[in-house]
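Novice: Structure incoming, see below.
Protein chains: 4
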Amino acid sequence: MKTATRPGAEAEAHRVTRPRADALRNRERIVSAAREMFVEYGPEAPLDEIARRASIGNATLYRHFPDRSTLLVEVVRSVMSRTAEAAERADAEESDPFAALCRFVHEAADERIGALCTLLCGHFEPHREDLEVERIRLTQIVDAMMERARLAGRLREDVAQGDLMVALAQLSRPLPGTGCMNIDRFTHRHLQLFMDGLEAPARSALPGRSATLEDLRRATP
Amino acid sequence: MKTATRPGAEAEAHRVTRPRADALRNRERIVSAAREMFVEYGPEAPLDEIARRASIGNATLYRHFPDRSTLLVEVVRSVMSRTAEAAERADAEESDPFAALCRFVHEAADERIGALCTLLCGHFEPHREDLEVERIRLTQIVDAMMERARLAGRLREDVAQGDLMVALAQLSRPLPGTGCMNIDRFTHRHLQLFMDGLEAPARSALPGRSATLEDLRRATP
Amino acid sequence: MKTATRPGAEAEAHRVTRPRADALRNRERIVSAAREMFVEYGPEAPLDEIARRASIGNATLYRHFPDRSTLLVEVVRSVMSRTAEAAERADAEESDPFAALCRFVHEAADERIGALCTLLCGHFEPHREDLEVERIRLTQIVDAMMERARLAGRLREDVAQGDLMVALAQLSRPLPGTGCMNIDRFTHRHLQLFMDGLEAPARSALPGRSATLEDLRRATP
Amino acid sequence: MKTATRPGAEAEAHRVTRPRADALRNRERIVSAAREMFVEYGPEAPLDEIARRASIGNATLYRHFPDRSTLLVEVVRSVMSRTAEAAERADAEESDPFAALCRFVHEAADERIGALCTLLCGHFEPHREDLEVERIRLTQIVDAMMERARLAGRLREDVAQGDLMVALAQLSRPLPGTGCMNIDRFTHRHLQLFMDGLEAPARSALPGRSATLEDLRRATP
DNA sequence: TATGAATGAGGGTTCATTCAT
DNA sequence: TATGAATGAACCCTCATTCAT
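Given below as structure tokens:
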């Protein structure tokens, strides 16, 4: 009772949780700064500069993310999560399943999924638990969307998810070199041309086998 | 006359060029090693490692190429030159102009033009003389091929050279990370899908403006 | 009041400055080692060796002084500051203004101002703020001392500050080559002979124009 | 007989000695270029650049001078030789022995004896035969000139050759930093002031002992 | 816990010197 | 003999990571 009536009690209770709130806020700032830096400078971006952009000390970054891989994973995970959400929204809201795929692709490009997912390749051990959750979620919704489009006769038969996802990643990557963000101007054009190529009926026979994301992973040593 | 009859004259003339022959051999080995390294690790590949792969001392690399830019230019120039040759062959030998474009695109991918031309972006001053020669040569033949395909009603009207070249570069880039050369397995599939999207009649309206290579150059700060 | 009564407040305040105390100690050791090395080997002395003498890692040196210029400036600034103090003391304590000049010259030589001020020539952009403060301070006190000596008829009329300062710098420089610190044995003799030449009445007509320190600066490209 | 009458015989004989003439010419060009470079950039001047200025291959420099020391010695020796000649001329032509000293000092400064003789300190083993010859020659003529001036009551009694030679070297050295050749503007003023201080009667008591060149040499480890 | 500071390892580049023609 | 080319060692500087407060 006394605490309930004493003025400032709530503030005190707050004070108990505040440090954790601060830590979470720091963590968010780090991930946000890291996303910007990785997109702009690639996966080798200086960690000190990421810390500086997040307005925290460099050692604090290491407390939250003991190595570069951990930070990369978290950045990619968060982007994957938002991308999966975009896919789910597109799937739910578009009546034409091929239009849903197109919408998803363009929205994913805006999320820089290209810049970031490709970071995964070769930069850390593949099977982090938390990342797998989002990867599977994304894989499943994209698979479902493609299957629906295929059944509707809107998507050519000879393509698999890896075809879509790798091309999406590549076409939305920034051009190499610092600050070449200008790829944005062209990405959506190229993605649209690619989607036109995916549309049924197929206009050509494709060489090789269709790829899954698992193929890509395995292909990486 | 006198030199022709004097014994050893030929040997002397030889002696003038022979040392250069050794140096040229070294130069070739450097360019070749650099091409591999740049494709695999990007334009920031350690020059010392390039020298090691070429089995020469590190300072020798600097004798031939005083800075990284010069080496990058030479690597890109040689690839551009071979790619232009491929384009000219395809243009000459294929009766269907769209088939010629397709053949060129796949051959260019095998030359790793994607990996290498994108190196240009932001990594050195744009207008080196020798590079420009090859760039113009390549630009002109590709423009000619696209124009022919367009006139034949085989290429959609709303695309320009930059659309083709940038997508070609992006789709044939190796995935980031060491040794991810396995993109080759998928590149030709993705390129074919993209070419299907380029084929007339257009299946969609494209967003934005068509890009030229000049646009890309200007977009880079 | 509140901080005074709160236990640990002083300790906390201390904690804010204590790390800086360690860093300052390192900084002092760097400047001291740099002074020795610059005097002994000139302004091109290896920075790694300076770090080694200061018993710190090489990168620590760069944390404190991002480039060679910054370190040079700090070394020279501190010596200029001590030299200006010596001049002010001599000016205040000696009744004969020419004796004050002589005392200043010998004390400045002991500060190695010769070795160090000459480092300025051509090794960094001339107008660093903090350095200018000390340079002006030194210039003004020496000008004042010379003017007083001139008015007292003790200093010949045809000399200016640059004549004194450049000769002081040159005569007190260490001889080139490692460890030739033994110039000290002779510097004071030579300086005294030079001062005898400065004394009024003039024993000869001087060639050229009298130099100011500004002349020297401008003379450097 | 037959060779005497055959046309071109003399030319042939010439041809035997011509290579040596070429070699000597090369040697002269190297020494000359080295003198310029050492004066301008100090004793660490790049040997490759010296070779380039002499318009010869770098390896040719090594054929003539197997190491930097040998080249330094030769440069200094030639300057010492010319300086000794200047001393001998001044001694022969000036009636006032102190005026002879003054003339010698200024001429020696123009020979850059300061820049070059100080190169000796610490940069090579002290007792090269050919160098000693010139050093002794120079020492003896300067000693003789000083003795004559002393006897004539024109030079103060408490100075020795080292006092003159070291101060001469120091005052005529270029200021540190590349290309600071502008010391010339002031050198002759400072030397004149120093000579005024050397003139009898002495205006002060000198600290320390008078130095000989031998003292300097021994002082160097 | 958060931080500024320290550090070692590695890459880029220059230069003295050696080698092969 | 004279030369261009090759080389390794040394230096400068950056950055990921650890330490001490």
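Chains as they are written, first to last, in this note's numbering: chain X, 365 to 585; chain S, 365 to 585; chain V, 365 to 585; chain Z, 365 to 585.
Using N, Cα and C, we set each Cβ at its ideal position, and we do this for glycine too.
Pull the bridge partners of X/L519 from the DSSP assignment, please.
Specialist: X/E563
Novice: By the 10 Å Cβ neighbour count, where 16 or more other Cβ atoms means buried, how is X/S536 classified, buried or exposed?
Specialist: buried
Novice: Classify Z/M386 as buried or exposed, calling it buried when 16 or more other Cβ atoms lie within 10 Å of its own Cβ.
Specialist: The question names Met, but residue 386 of chain Z is Asp in the sequence shown. Looking at its Cβ environment, which holds fewer than 16 other Cβ atoms inside 10 Å, Z/D386 is exposed.
Novice: Start and end of the alpha helix (DSSP H) containing X/E408?
Specialist: No alpha helix (DSSP H) holds X/E408; DSSP gives it neither H nor E.
Novice: Nearest-angstrom Cα distance between Z/M401 and S/A473?
Specialist: For Z/M401 and S/A473, the distance between alpha carbons rounds to 53 angstroms.
Novice: Looking only at its own chain, which residues have a Cβ that is under 6 angstroms from the Cβ of X/L465, when we skip the five neighbours before and after it?
Specialist: M509 and A513
Novice: Provide the residue span of the alpha helix (DSSP H) that contains V/L465, from first to last.
Specialist: P461 to D474
Novice: Restricting to Cα atoms, I'd like to know which of V/S396, V/P538 and V/S574 is closest to V/E416.
Specialist: Note that residue 416 of chain V is Arg in the sequence shown here, rather than Glu. Ranking V/S396, V/P538 and V/S574 by Cα distance to V/R416 puts V/S396 first.
Novice: Kindly indicate which three-state DSSP category V/I500 falls into: helix, strand or coil?
Specialist: In the three-state reduction of the DSSP assignment, V/I500 falls in the helix class.
Novice: Can you give me the start and stop residues for the alpha helix (DSSP H) that X/L570 sits inside?
Specialist: Per DSSP, X/L570 lies in no alpha helix (DSSP H) and is assigned neither H nor E.
Novice: Have a look at V/R520, V/I394, V/R499 and V/S442 and flag the residue whose alpha-carbon is nearest the alpha-carbon of V/F462.
Specialist: Selected option, being the one with the closest Cα: V/R520.
Novice: Three-state secondary structure (DSSP) at X/S433?
Specialist: helix
Novice: Please report the straight-line C-alpha distance between Z/R567 and V/F429, rounded to a whole angstrom.
Specialist: 46 angstroms
Novice: Helix, strand or coil for S/G421 per DSSP?
Specialist: coil
Novice: Kindly list, in the order they appear in chain S, the residues whose Cβ is closer than 8 angstroms to that of X/R349.
Specialist: No answer is possible for residue 349 of chain X: it lies beyond the span of chain X, which begins at 365 and ends at 585.
Novice: With a threshold of 8 angstroms between beta carbons, is S/L570 in contact with chain X?
Specialist: Closer than 8 angstroms to some Cβ of chain X, the Cβ of S/L570 qualifies, so yes.
Novice: Going along the segment 504-531 of chain Z in order, which residues come within less than 8 angstroms of chain V, judged by CB to CB distance?
Specialist: Those residues of the segment 504-531 of chain Z that come within reach of chain V (Cβ to Cβ, closer than 8 angstroms) are V523, G526, D527, V530 and A531.
Novice: Between the Cα of X/L504 and those of X/A516, X/M529 and X/G517, spot the shortest distance and give me the residue it belongs to.
Specialist: Strictly speaking, residue 504 of chain X in this sequence is Gln, with Leu absent from that position. Of X/A516, X/M529 and X/G517, the residue nearest in Cα terms is X/M529.
Novice: Measure the alpha-carbon distance for S/R427 versus S/V440 and round it to whole angstroms.
Specialist: If you take the alpha carbons of S/R427 and S/V440, they lie about 19 angstroms apart.
Novice: Listed from N- to C-terminal order along the chain, which residues in the segment 552-563 of chain X have their beta-carbon within a distance smaller than 8 angstroms of any beta-carbon of chain S?
Specialist: H552, R553, H554, Q556, L557, F558, M559, D560, G561, L562 and E563
Novice: Would you report the Cα separation of S/L570 and X/R553, rounded to the nearest angstrom?
Specialist: Inter-residue distance for S/L570 and X/R553 is about 6 angstroms (C-alpha atoms, whole angstroms).
Novice: Taking Cβ positions, are Z/F558 and V/L557 nearer each other than 8 angstroms?
Specialist: yes
Novice: Give the interface partners of V/R427 over in chain Z, defined as CB-CB distance under 8 angstroms, in chain order.
Specialist: Simply none; closest approach about 26 angstroms.
Novice: How is the alpha helix (DSSP H) around S/A533 delimited, first residue to last?
Specialist: Q525 to L535
Novice: Distance, Cα to Cα, X/P565 vs S/D560?
Specialist: 10 angstroms
Novice: If S/V497 and S/A451 are in contact, beta carbons under 8 angstroms, what's the gap, nearest whole angstrom?
Specialist: Not quite, the Cβ-Cβ distance comes to about 15 angstroms (not below 8 angstroms), so this is no contact.
Novice: Would you please verify whether the beta carbon of S/L435 is less than 8 angstroms from any beta carbon of chain X?
Specialist: no
Novice: With a threshold of 6 angstroms on Cβ separation, who are the neighbours of S/R432 within its own chain once the five nearest residues in sequence on each side are excluded?
Specialist: none
Novice: Please look up how many angstroms separate the CB atoms of V/T447 and V/E475, rounded, as I've assumed it's under 8 angstroms.
Specialist: The C-beta separation of V/T447 from V/E475 comes to about 5 angstroms, placing the pair in contact by the 8 angstroms criterion.
Novice: In three-state DSSP terms, what is V/T542?
Specialist: Here V/T542 scores only 40 on pLDDT, less than 50, and its place in the model should not be relied on; the value that follows carries that caveat. Of the three classes helix, strand and coil, the one that applies to V/T542 here is coil, per DSSP.
Novice: In chain S, which residues lie less than 8 angstroms from X/L495 when you measure between Cβ atoms?
Specialist: Neighbours of X/L495 on chain S: none; closest Cβ ~15 angstroms, over 8 angstroms.
Novice: Does the beta carbon of S/L502 sit closer than 8 angstroms to a beta carbon anywhere in chain X?
Specialist: no
Novice: Listing by chain order, which chain X residues have their CB less than 8 angstroms from the CB of S/L535?
Specialist: A531, Q534 and L535
Novice: Give the single residue among V/M444, V/R391 and V/R518 whose Cα lies nearest to the Cα of V/S459.
Specialist: That would be V/R518, whose Cα lies nearest to the Cα of V/S459.
Novice: Find the residues of chain Z that neighbour V/R389, judging by a C-beta separation of less than 8 angstroms, and give them in chain order.
Specialist: Those do not exist, as V/R389 stays about 30 angstroms from chain Z at its closest Cβ, beyond 8 angstroms.
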